[in-house]
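Going by the numbering used here, the sequence shown opens with residue 29, and the numbers climb by one from there.
Presented below is the structure to which this report refers.
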Amino acid sequence: MAATIRDAAVGRALSGRRRRKAVREPYNKREVLAGYLFISPWIIGFVIFTVLSMSWSLGLSFTHFDLATNSATPAGVDNYKLIFDDPKVLTSLINTFSYAVLAVPLELAFAMVLALLLNGMIKGSGFFRTVFYLPKMTPHVATASVFLLLLNGNVGAINQFLAIFGIDGPQWLNDPTWVKPSIVLMTMWGAAGSMVILLAAVQNVPRELYEAAQTDGADRWQQFWRVTLPMISPTLFFLVIVNTIAALQVFDQAYLLFYRDANSSAPDAALFYGVYLFQQAFQQFNFGLAAAMSWLLFVIILIITLIQMKIGNRLVFYGGGRDD
29 MAATIRDAAV
39 GRALSGRRRR
49 KAVREPYNKR
59 EVLAGYLFIS
69 PWIIGFVIFT
79 VLSMSWSLGL
89 SFTHFDLATN
99 SATPAGVDNY
109 KLIFDDPKVL
119 TSLINTFSYA
129 VLAVPLELAF
139 AMVLALLLNG
149 MIKGSGFFRT
159 VFYLPKMTPH
169 VATASVFLLL
179 LNGNVGAINQ
189 FLAIFGIDGP
199 QWLNDPTWVK
209 PSIVLMTMWG
219 AAGSMVILLA
229 AVQNVPRELY
239 EAAQTDGADR
249 WQQFWRVTLP
259 MISPTLFFLV
269 IVNTIAALQV
279 FDQAYLLFYR
289 DANSSAPDAA
299 LFYGVYLFQQ
309 AFQQFNFGLA
319 AAMSWLLFVI
329 ILIITLIQMK
339 IGNRLVFYGG
349 GRDD
């Protein structure tokens with residue numbers, strides 16, 4: 029009896045192994061090798077330009093690097109101590125966080141409005157989609173040149189337009205109160221990237237849901253709030269994370285508007301973390317301190333992203349319900 033049970037157990041084990049082997053057989057080694065060869069350019073680029081670069085910068089953050097002699101001397105954690113002792117670091121972090129809090133919601137709201145307008149068009153949507161996306165393709169230097177003219181406090185087009193209605197426009201680029209809004213305006217100029225993603229998400233919402241909502245008497249606002257918004261919430265969640273990461277690394281807009289001239293005297297409100305990091309690295313040549321600043325920013329972004337994912341996953345609708 030025991031032998032019979034043992035033989036049956038062995039038979040089941042062997043049949044299980046044969047089934048697992050049969051499942052694994054479709055994965056051809058040559059196909060797997062071909063797949064790795066196809067993605068090898070990306071892997072090589074990632075290892076060289078990301079993994080090795082980050083590892084080198086981490087080591088550099090614990091040294092005093094001398095560009096003239098191309099040599100580094102150990103510094104321990106001195107660079108990290110300098111970060112917390114430098115008041116400009118705190119100022120730049122506050123400016124960067126303030127900008128991110130202002131820019132991310134406004135850019136997403138603007139992109140959502142554009143996406144809904146394009147989605148509601150029956151004719152000409154392709155033309156307007158191209159027109160709305162053109163600013164995204166404009167080089168940042170050209171965009172900054174345009175906004176330097178638009179935001180000029182004396183003869184700028186924006187203040188001249190406000191003057192038609194009797195409104196005295198602010199000194200956008202000189203008044204510390206309006207420095208960040210001016211950079212946000214320039215950022216919203218390139219909101220078409222988020223618009224395209226949101227438009228694809230809106231167009232993928234099943235029409236039956238809108239028909240059911242109309243049958244229940246829902247108006248357009250209720251349909252947006254109860255149908256569109258929950259269905260595109262994963263896309264919104266993704267854009268919030270991506271745009272927040274980009275906002276915390278803001279550099280081009282602030283630098284081109286306020287620091288493109290080496291002799292310019294920019295207000296403290298325009299000193300963003302990325303700009304100050306650039307100044308330490310390529311103007312003061314404090315590469316060790318700049319590397320330490322970059323790793324501090326990496327940790328800050330990582331923490332903020334983890335918090336966003338922890339909170340956001342409880343609010344996002346994934347079809348079967350919220351991911352609790």
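Each residue gets a CB set at the ideal place from its N, CA and C atoms; glycine is no exception.
Just so it is clear, the structure is predicted and the values come from calculations on it, not from any experiment.
Per DSSP, Ala103 has no beta-bridge partner at all.
Closest by C-alpha distance to Met259, out of Phe160, Gly73 and Phe345, is Phe345. Linking Ile150 to Phe77 through their CA atoms gives a straight-line distance of about 45 Å. Beta-bridge analysis with DSSP links Phe265 to no other residue.
Look at Thr166 here: in three-state DSSP terms it is coil, with no helix or strand label.
Between the stretch 262-271 and the stretch 131-141 there are three or more inter-stretch CB-CB distances shorter than 8 Å, so the stretches are counted as touching.
Boundaries of the beta strand (DSSP E) harbouring Asp94: Thr91 to Asp94, taken from the DSSP string. With contacts defined by Cβ atoms closer than 7 Å, Gly316 and Ala103 form a contacting pair. In the assembly as shown, Ile211 is a buried residue. Its beta-carbon has 16 or more other beta-carbons within 10 Å.
In this structure, the CA atom of Asn182 is about 20 Å from the CA atom of Arg288.
Inter-residue distance for Asn187 and Ser126 is about 24 Å (C-alpha atoms, whole angstroms). CA-to-CA, the gap between Leu305 and Ser83 works out to about 18 Å. If you draw a straight line from the Cα of Leu146 to the Cα of Met223, it comes to about 9 Å.
Distance between Ser68 and Gln308, taken at the CA atoms: about 35 Å.
Separation of Asn202 and Ala294 (C-alpha to C-alpha, rounded to the nearest whole angstrom) is 8 Å.
With distances taken between CA atoms, Met216 lies nearest to Ala172 out of Ala246, Ala172 and Val230. Its chain contains Leu146 as the residues whose beta carbon lies nearer than 6 Å to that of Ser153, once the 5 sequence neighbours on both sides are disregarded; these appear in chain order. The Cβ neighbour count for Asn107, taken over all protein chains shown within 10 Å, is at least 16; the residue is labelled buried. Contact annotation: Ala319 and Leu176 have beta-carbon atoms that are not nearer than 7 Å.
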